[in-house]
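Peer 1: Residue numbers (this note's numbering), protein chains in the order written: chain W, 4 to 367; chain Y, 4 to 367.
Handing you a structure now.
There are 2 protein chains.
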Amino acid sequence: MQEVPSPGIAFSDKGFPPEILNFRKATWYQPMQLEELGEFGFIARVAPACRIRDRGVVKGIGDDCAVVSMEGPDHLLVTKDLLVERVHFRLEWGSAENLGAKALAVNLSDIAACGGVPLDAFVGLAIPPGVDVEWLDGFYKGMTDLAAEYGVNLLGGDTTRSKTDLMISVTVTGTVPRDQVLFRHTARAGDLVVLTGPTGESAAGLEILLRGVPVTTELAQELIHTHLRPRPHVKEGRLLATSGACRAAIDVSDGLLSDLGHICQDSGLGAQLYRERIPVTRSVSEASGLLGKDALHWAFNGGEDYVLIAAVDPRQWDSLLDASRDAGCELTAIGEFVTGSEIVLQTAAGRVTPLTPRGWDHFR
Amino acid sequence: MQEVPSPGIAFSDKGFPPEILNFRKATWYQPMQLEELGEFGFIARVAPACRIRDRGVVKGIGDDCAVVSMEGPDHLLVTKDLLVERVHFRLEWGSAENLGAKALAVNLSDIAACGGVPLDAFVGLAIPPGVDVEWLDGFYKGMTDLAAEYGVNLLGGDTTRSKTDLMISVTVTGTVPRDQVLFRHTARAGDLVVLTGPTGESAAGLEILLRGVPVTTELAQELIHTHLRPRPHVKEGRLLATSGACRAAIDVSDGLLSDLGHICQDSGLGAQLYRERIPVTRSVSEASGLLGKDALHWAFNGGEDYVLIAAVDPRQWDSLLDASRDAGCELTAIGEFVTGSEIVLQTAAGRVTPLTPRGWDHFR
């Protein structure tokens, strides 16, 4: 695709009847803003018209990946994530390598959440002035190093200019045996709420990046690294998918409560979590003390953890736990799915309080 | 993925040892700029490291689509295009509907160039302040209307904020029978250079948009429409792929000469074109007179035509032409592939001049 000439050429609408250009000029009209709808309201608004045909579609809009039926025993998974400068990241925060790795990692995490094996990646880059070849070399090094860990090819994409911000668009395909796909809508009451890793470290790292407050170098490095270079839980996703014990899964991008809320809503369930089982790491606990923040808030609403939340059949929990130890995965049961629609927290003393997700909505 | 907080929160690097953030602060160092490499130089630089494994890859970086072998008789095609505000389009030029349709059309055109049938689309949108719900409704209407024409689902994607410019990232998958894939590198000397439609109208429309010069309303509407709402030549691509007569193909996005140059370079050939066979439409001819521009320059270097260039076995040209008439396609042979590496133009009087592609390079 070609670029339009530089802004030095002034645009003039002289001589154009308005029907050519469809200017909207009525100043009295107040169109609806995205903030009113919210991200999920917007998706719900456009989704119905997006389904043109049913053939081949196992799952469309509304899961971590689209799931497409192909010939052969596997379904095709497709996921796509955008990272926009000054919205999702700032260039001065981290190395190009970390950013390249993260842009791929968040997509591998979506494949993991569906129980799949990642296949190929496609990278779109809109590059502003000032981003030079050395930076891009680092970006691709970070991305291809991570890709090599997972046997994923970078098979193509698009590279173009941008006027101000760097934009990264990554699409990843994957495959998963038909009977192993993990959806969000298939949890059952009584299933355990299982995490494949702790949450909150990424949020603590972000807080340190944003506020630059004095914590020890070692602590800052550890938490910032978790934020800038998350590990996609592909191994854990495959363990869950092949175990036969897992009924639903999602990855934690917006926040534990927010993403657990998606499983609850799509499965028509609530969840009860146990305070003493929420994994708060020593680093998160230490940083929360130094920064005067609530560690549990980070764990529940921090986001960008890229661990998986799984709904696990309680009768198969022990055998899954054994298998997870053999595979080097660390699963923790933090509660259970229940009838209803609320997510509540029960303390060791037995007190029950409702939890409200405060995860991220891009338009609010 | 979560957003970083608003720019209201100032970033401070107090207390950080430099190894945490990897600032590059040496002012004496002049890193290589993208302009020095050019778009295709940059792609050639990163491509080797992007191939992690060979299994499953029929064609990686360097064709209109990536071609992936799957179980079953068809290959999977994947293509991805970015459209960035103020680089590829300006919002004031056209309706949201046209832009939505075009963002999909340019990807369908890549599927067409490989001879494929489009399957599903995935849409990433980074939305700046000021783009409201009504505009987005129009954008999705344009996109889904075109998707419906081709039986293509919009199966997912990502929607997020941007600080300044609208960015659109569309990925389209498709399928093509293994023995029908059209590549760029498989033309042979003696093959005809065939166009599936005229070139130059889009460039004339862009010129009118940019300069706002007085041409008749009817002429402006026609040419601007071609620029803003291109038709992907999916039908033509399938005709070529199923005919057995076509040996290579590409779509015209950067410009006829530039894209023909890709076939030539990848196939190790040159091409000889005939001046009197280059299709210059009445509209292009008329606009070129009114705007004082060379119609042939538009036809050769204009770009964004989204017709296909095909290499056709001359012995099968007559039967392909018959089939194309039955299918409602308009094929024109404008020259032939020859040994060597130059593209030359021969006039009716027999004079031969070399042609230099002046198509678009995003980084030059």
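Note that beta-carbon positions come from the ideal geometry of N, C-alpha and C, so glycine has one too.
Which residues in chain W have a C-beta closer than 8 Å to the C-beta of Y/S165? List them in chain order.
Peer 2: By Cβ distance, chain W contributes V87, V90, D168 and M170.
Peer 1: Which residues of chain Y have a Cβ atom closer than 8 Å to the Cβ of W/F45, listed in chain order?
Peer 2: What W/F45 touches in chain Y: V136, L139 and T162.
Peer 1: Grab the span of the beta strand (DSSP E) containing Y/S72 for me, first residue to last.
Peer 2: Element bounds for Y/S72: A69 to S72.
Peer 1: Classify W/M35: buried if its beta carbon has 16 or more other beta carbons within 10 angstroms, exposed otherwise.
Peer 2: Classification of W/M35: exposed, given that the 10 Å Cβ count is below 16.
Peer 1: Y/A124 to W/I55, Cα distance in whole Å?
Peer 2: Distance between the alpha carbons of Y/A124 and W/I55: 11 Å.
Peer 1: Tell me the rounded alpha-carbon separation between Y/E345 and Y/A274.
Peer 2: Going from the Cα of Y/E345 to the Cα of Y/A274 covers about 6 Å.
Peer 1: In chain W, which residues lie less than 9 Å from Y/P34 when you measure between Cβ atoms?
Peer 2: Here the neighbours are D135, V136, E137 and W138.
Peer 1: Among all the DSSP beta bridges, which residues are the ones paired with W/I253?
Peer 2: W/I253 pairs with W/I312.
Peer 1: For W/R214, I'd like the list of residues in its chain whose CB is within less than 8 Å of its CB, leaving aside the five on either flank, ordered along the chain.
Peer 2: If we look at W/R214 and ignore the five residues flanking it on each side, its Cβ neighbours are L294.
Peer 1: First and last residue of the beta strand (DSSP E) that includes Y/V356?
Peer 2: At residue 356 of chain Y the sequence reads Thr, which differs from the Val that was named. Note, Y/T356: beta strand (DSSP E), V355 to P357.
Peer 1: What is the rounded straight-line gap between the Cα of Y/L231 and the Cα of Y/T220?
Peer 2: So the alpha carbons of these two residues sit roughly 16 Å apart.
Peer 1: Beta carbons nearer than 7 Å to chain W: which residues of the region 269-290 of chain Y have them?
Peer 2: Listed in sequence order: no entries.
Peer 1: Going straight from the alpha carbon of Y/G119 to that of Y/G65, what length do you get?
Peer 2: Looking at the two C-alpha atoms, the distance is approximately 17 Å.
Peer 1: For Y/A206 and Y/Q224, what's the separation of their Cα atoms in angstroms?
Peer 2: Distance between the alpha carbons of Y/A206 and Y/Q224 is about 13 Å.
Peer 1: What ranges does the beta strand (DSSP E) occupy inside the region 82-160 of chain W, keeping only unbroken runs of at least 3 residues that lie completely in it?
Peer 2: Whole beta strand (DSSP E) segments, 3+ residues: 120-130.
Peer 1: Between which residues of its own chain and W/L111 is the CB-CB distance below 8 Å, once the five residues before and five after are set aside?
Peer 2: P121, L149, Y153, V155, V175, P235 and V237.
Peer 1: Tell me the DSSP bridge mates of Y/F186?
Peer 2: The partner list for Y/F186 (beta bridge, DSSP) is empty, contrary to what the question assumes.
Peer 1: Under 8 Å, with one C-beta from each stretch per pair, do the region 256-270 of chain W and the region 323-330 of chain W reach the 3-pair mark?
Peer 2: They do not touch, by the three-pair rule.
Peer 1: For W/C53, collect the residues of the same chain with a Cβ closer than 8 Å to its Cβ; drop the 5 residues on either side in sequence, then sort them by chain order.
Peer 2: The answer, listed in chain order, is G63 and I64.
Peer 1: Report the option in W/T245, W/K83, W/D316 and W/A99 whose CA atom is closest to the CA atom of W/V173.
Peer 2: Checking every option, the nearest Cα to that of W/V173 belongs to W/K83.
Peer 1: Output yes or no for whether 8 Å exceeds the beta carbon distance between W/L37 and Y/D168.
Peer 2: No, the pair does not count as a contact, with Cβ atoms beyond the cut-off.
Peer 1: Interface residues of chain W around Y/E74 at Cβ under 9 Å?
Peer 2: Neighbours of Y/E74 on chain W, chain order: M73, E74, G75, P76 and D77.
Peer 1: Using a 10 Å radius around the Cβ and a threshold of 16 neighbouring Cβ atoms, would you call Y/R250 buried or exposed?
Peer 2: Y/R250 should be labelled buried.
Peer 1: Mark W/R164 as exposed unless 16 or more other C-beta atoms lie within 10 angstroms of its C-beta, in which case mark it buried.
Peer 2: Buried, since its Cβ has 16 or more Cβ neighbours within 10 Å.
Peer 1: Inspect the beta-carbon positions of W/V109 and Y/K166 and report whether they are closer than 8 Å.
Peer 2: No. Outside cutoff.
Peer 1: Spell out the partners DSSP gives W/F340 in its beta bridges.
Peer 2: Note: W/F340 sits in a beta bridge opposite W/A274.
Peer 1: Near Y/P201, what residues of its chain come up, given a Cβ to Cβ distance below 6 Å and the 5 sequence neighbours on each side ignored?
Peer 2: Result list for Y/P201: P282 and T284, in chain order.
Peer 1: Contact check, W/D161 vs W/E339 under 8 Å by CB: the rounded distance?
Peer 2: Rounded, the Cβ-Cβ distance is 45 Å, inconsistent with contact.
Peer 1: Can you tell me whether Y/L299 is helix, strand or coil according to DSSP?
Peer 2: Helix at Y/L299.
Peer 1: Does the beta carbon of Y/F303 come closer than 8 Å to any beta carbon on chain W?
Peer 2: By this cut-off, Y/F303 is not an interface position.
Peer 1: For the beta strand (DSSP E) containing Y/T174, list its first residue and its last residue.
Peer 2: Run containing Y/T174: M170 to P180, per the beta strand (DSSP E) assignment.
Peer 1: Report buried or exposed for Y/D113, applying the criterion of at least 16 other Cβ atoms within 10 angstroms of its Cβ.
Peer 2: Buried is the call here.
Peer 1: I'd like to know if Y/L3 contacts chain W, where contact means its C-beta is closer than 8 Å to some C-beta of that chain.
Peer 2: Nothing can be reported for residue 3 of chain Y: it is not among the residues displayed for chain Y, which extend from 4 to 367.
Peer 1: Is the Cβ-Cβ distance between Y/E307 and Y/A115 less than 8 Å?
Peer 2: Cβ atoms of Y/E307 and Y/A115: not closer than 8 Å.
Peer 1: So who's on the other strand from Y/R164, going by DSSP bridges?
Peer 2: Paired residues: Y/I130.
Peer 1: Name the chain Y residues that come within less than 8 Å of W/A151, Cβ to Cβ?
Peer 2: I55, listed in chain order.
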